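S.K.:
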Amino acid sequence: MPELIPVLPADLEPTARGVLAGHGGLPLAWARWEHPAPKGRVVISHGYGEHGERYRHTAHWLHSLGWSVSSMDHSGFGRSGGVRGDATSIRAFVDDFALFLRQERRHDAERTGATARVVDGVPMPPLPVCPQVVLGHSFGGLVSLLTLLWHADTLDGLILSSPSVAVRPHSKALLLLSRVLRWLMPHRPIQLRGDKGQVCSDPIIVQRYEADPLCHRWATAAFGAALEEGRTEILSLGHELDRPILLLESGTDTVVDPDASEELWTAVKPGLLERHRLPAFYHEVFHDRRRYEAQALVEPWLENLCQAWNPSHRPWNPSHHPAMSQMLPPESA
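No gaps in the numbering here: position 306 of the sequence shown is 313 in the numbering used here, and each next residue is one more.
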C-alpha cells in the first residue's frame, strides 16, 4: 500500500508582522503567531533558500500545543533585505538572529507587564517570563548553534533539524566555489541547481516551494565562506553548549552528513542532548511526509522543558531540572 501523505493544515496567518533593523541597518522581516495563553515561545530559524513563513504548518502545529511562534527571515532571504544568498560573515547572521530573539524576549515580558530591573545601579532587561526555544533547520540550525555559543542568554533550548554542521561531498561544491571566487567576485549571486524532491519528500510542499517567489537558489561565494567559517567554529566546541538540545537527523539526508559531526555531539554535556536518527527521512525533517513522527518526539521534549524551566538557573544545569534529566533517553540509532 502506498504511503499516505499527511494533509497540510490550513495556513495559519501570522498575528503580526514587522521589520527589525539588523547588521548595517538591513531590514529583517519577521512574523509572529501569538497564542493567548502561551506555555512559551518557539522561534524558527529557516534554512538556505527559504524563509520563515514557509513553516506556517509547523507554526500551526506548535500553536495547537499552546506555544507562541515567531520567525525571522535571515538577510538575503524571504522578505528581508540584502543581496539574495549573500553574506558578510557568519557572525552577522548570528548577531542579527540574537537581536531578534532579544526582541521576542522583551515582547513576552511586556505582554505580561514585567518591568526592567536595576542590578548594581545598571539598568537590565526584565527576567524572562517564559521559555524561549529555537527550532533551527539546516543553515538555520548552524546559526542557532552559534547563537547558543555566542548569545546563550537569548534561548533556553534548541530543536535542530538536519543542522548544517558537516556536508556531503557533493554538497561541498558551494564551499569549493567560495574558495575559488571569494577573491574575484565574492558577492556576485550564482544560481545553484538541484532537485527539491531530493531534500523534501512531500510533493505538495515541493510544489509550494517551486511556486513561492520568496524562495530561491541563489548563493554567493561569500555565503559559502560564511558557512565554512561557522562549521569550523562550532565543530570542536560541543562542551560549551549549555542548553537542552533535541537533535533530529535524517536517515537519507543528501545534503548534510550526520556521521561527520560526531566530534561536536559527543562533547555535549551529559543530560543535555537527546538525539534521534529518523530512518527514510529526507533532509527537511518538518516537511517530510512522515513529519508526524518527528513531531511526536518534539511534543514531550517541549513539555518537559516547559515544566523544568526556571529563569534563575543559568547556565542550564541538568541537576537543577530533574524533569528534563529524567526524560532524556539514550541516543536513538
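C-beta atoms are modelled at their ideal positions from N, C-alpha and C, and glycine is treated no differently. Just so it is clear, the structure is predicted and the values come from calculations on it, not from any experiment.
If you follow the beta strand (DSSP E) that G164 is part of, which residue opens it and which one closes it?
M.R.: Translated into positions along the sequence shown, residue 164 becomes position 157. It spans G164 to S168 - the beta strand (DSSP E) in which G164 sits, taken as one unbroken run.
S.K.: Since S257 is in the beta strand (DSSP E), which residue starts that stretch and which ends it?
M.R.: Within the sequence shown, residue 257 is the residue found at index 250, counting from 1. Start and end: I252 to S257.
S.K.: Answer yes or no: do H70 and H114 have a C-beta to C-beta separation smaller than 8 Å?
M.R.: Within the sequence shown, residue 70 is the residue found at index 63, counting from 1. Within the sequence shown, residue 114 is the residue found at index 107, counting from 1. No. Outside cutoff.
S.K.: With H, G and I counted as helix, E and B as strand and the rest as coil, what does DSSP make of E281?
M.R.: Counting from 1 along the sequence shown, the entry for residue 281 is found at position 274. Strand, per DSSP.
S.K.: For K276 and G245, I'd like the C-alpha separation in whole angstroms.
M.R.: Taking the first residue of the sequence shown as 1, we reach residue 276 at position 269. Taking the first residue of the sequence shown as 1, we reach residue 245 at position 238. When rounded, the distance between both Cα atoms is 8 Å.
S.K.: If I'm right that V141 touches A116 with Cβ under 8 Å, what's the distance once you round it to whole angstroms?
M.R.: On the sequence shown, position 134 is the one that residue 141 refers to. On the sequence shown, position 109 is the one that residue 116 refers to. About 18 Å; that fails the 8 Å criterion.
S.K.: Which class does A226 belong to by DSSP, given the choice of helix, strand or coil?
M.R.: In the sequence shown, counting from the first residue as 1, residue 226 sits at position 219. Strand at A226.
S.K.: Counting only the same chain and skipping the five closest in sequence on each side, list residues whose C-beta sits under 7 Å from that of T119.
M.R.: Numbered from its first residue, the sequence shown carries residue 119 at position 112. Here the set comprises V136.
S.K.: Measure from the alpha carbon of V263 to the alpha carbon of each residue in S151, I211 and F146, then state which is nearest.
M.R.: Walking along the sequence shown from the start, residue 263 turns up at place 256. Of the candidates S151, I211 and F146, the one whose C-alpha sits nearest the C-alpha of V263 is F146.
S.K.: Taking the alpha carbon of P220 as the reference point, which residue from L162, R91, R282 and E291 has its own alpha carbon closest?
M.R.: The count along the sequence shown starts at 1 and reaches residue 220 at position 213. Considering only alpha carbons, the answer is R91.
S.K.: Where does G143 fall in DSSP's three states?
M.R.: Counting from one through the sequence shown, the residue named residue 143 turns up at place 136. If DSSP states are grouped into helix, strand and coil, G143 belongs with the strands.
S.K.: Hey, would you say H158 sits closer than 8 Å to A105, going by beta carbons?
M.R.: Against the sequence shown, residue 158 aligns to sequence position 151. Against the sequence shown, residue 105 aligns to sequence position 98. Closer than 8 Å, so yes.
S.K.: Excluding the 5 residues preceding and the 5 following A340 in the sequence, name in chain order all residues of the same chain whose CB lies nearer than 7 Å to its CB.
M.R.: Counting from 1 along the sequence shown, the entry for residue 340 is found at position 333. Low confidence applies to A340: its pLDDT is 34, below 50, so where it sits in the model is not reliable, and the reading given next is rough at best. The residues are R284.
S.K.: Tell me, to the nearest whole angstrom, how far the beta carbon of T22 is from that of W40; I am working on the premise that it is less than 8 Å.
M.R.: Here residue 22 refers to the residue found at position 15 of the sequence shown. Here residue 40 refers to the residue found at position 33 of the sequence shown. Confirmed, about 6 Å.
S.K.: Determine the DSSP secondary structure at V101, reduced to helix, strand or coil.
M.R.: Position 94 of the sequence shown, counted from the first residue, corresponds to residue 101. In this structure, V101 counts as helix in the three-state DSSP scheme.
S.K.: Using CA atoms only, rank isn't needed, just tell me which of L312, R282, V26 and R24 is closest to C169.
M.R.: Residue numbering aside, residue 169 sits at position 162 when the sequence shown is read from its first letter. Per the sequence presented here, residue 169 reads as Ser, with Cys not at that position. Measuring from the Cα of S169, the nearest candidate turns out to be R282.
S.K.: Could you spell out the range, first to last residue, of the beta strand (DSSP E) harbouring P307?
M.R.: The residue you call residue 307 lines up with position 300 of the sequence shown. Where P307 is concerned, there is no enclosing beta strand (DSSP E), although the alpha helix (DSSP H) it sits in stretches over R298 to A315.
S.K.: Return the Cβ separation of A173 and P196 in integer angstroms, given the expectation that the two are a contact with Cβ distance under 8 Å.
M.R.: As a first step, residue 173 is located in the sequence shown; it is residue number 166 there, counting from the start. As a first step, residue 196 is located in the sequence shown; it is residue number 189 there, counting from the start. That belief does not hold up - the Cβ atoms of A173 and P196 are roughly 25 Å apart, past 8 Å.
S.K.: What three-state label does DSSP hand P265 in the structure shown?
M.R.: For the purposes of this step, residue 265 is identified with residue 258 of the sequence shown, where counting begins at 1. In this structure, P265 counts as helix in the three-state DSSP scheme.
S.K.: Between the Cα of S309 and the Cα atoms of G231, G73, P210 and R297, which residue gives the shortest distance?
M.R.: On the sequence shown, residue 309 is found 302 positions in, with the first residue counted as 1. The sequence as given places Leu at residue 309; Ser does not occur at that position. Closest by alpha carbon: G73.
S.K.: Apart from the five residues just before and just after R24, which ones in its own chain have a Cβ nearer than 8 Å to its Cβ?
M.R.: Taking the first residue of the sequence shown as 1, we reach residue 24 at position 17. Excluding sequence neighbours, R24 sits near A36, W37, A38 and R39.
S.K.: Cβ atoms of F230 and S257: under 8 Å apart, would you say?
M.R.: On the sequence shown, residue 257 is found 250 positions in, with the first residue counted as 1. On the sequence shown, residue 230 is found 223 positions in, with the first residue counted as 1. Contact: no.
S.K.: What does a CB cutoff of less than 6 Å around G88 pick up in its chain, not counting 5 residues either side in sequence?
M.R.: For the purposes of this step, residue 88 is taken as residue 81 along the sequence shown, with counting starting at 1. Hits under 6 Å: L33 and P34.
S.K.: Can you check whether the CB of F293 is closer than 8 Å to the CB of T122?
M.R.: Numbered from 1 along the sequence shown, position 115 holds the residue referred to as residue 122. Numbered from 1 along the sequence shown, position 286 holds the residue referred to as residue 293. Against a cut-off of 8 Å, the Cβ pair of F293 and T122 comes out as no contact.
S.K.: In terms of alpha-carbon separation, which member of G278, I252 and P138 lies closest to V305?
M.R.: Here residue 305 refers to the residue found at position 298 of the sequence shown. Nearest option by C-alpha distance: I252.
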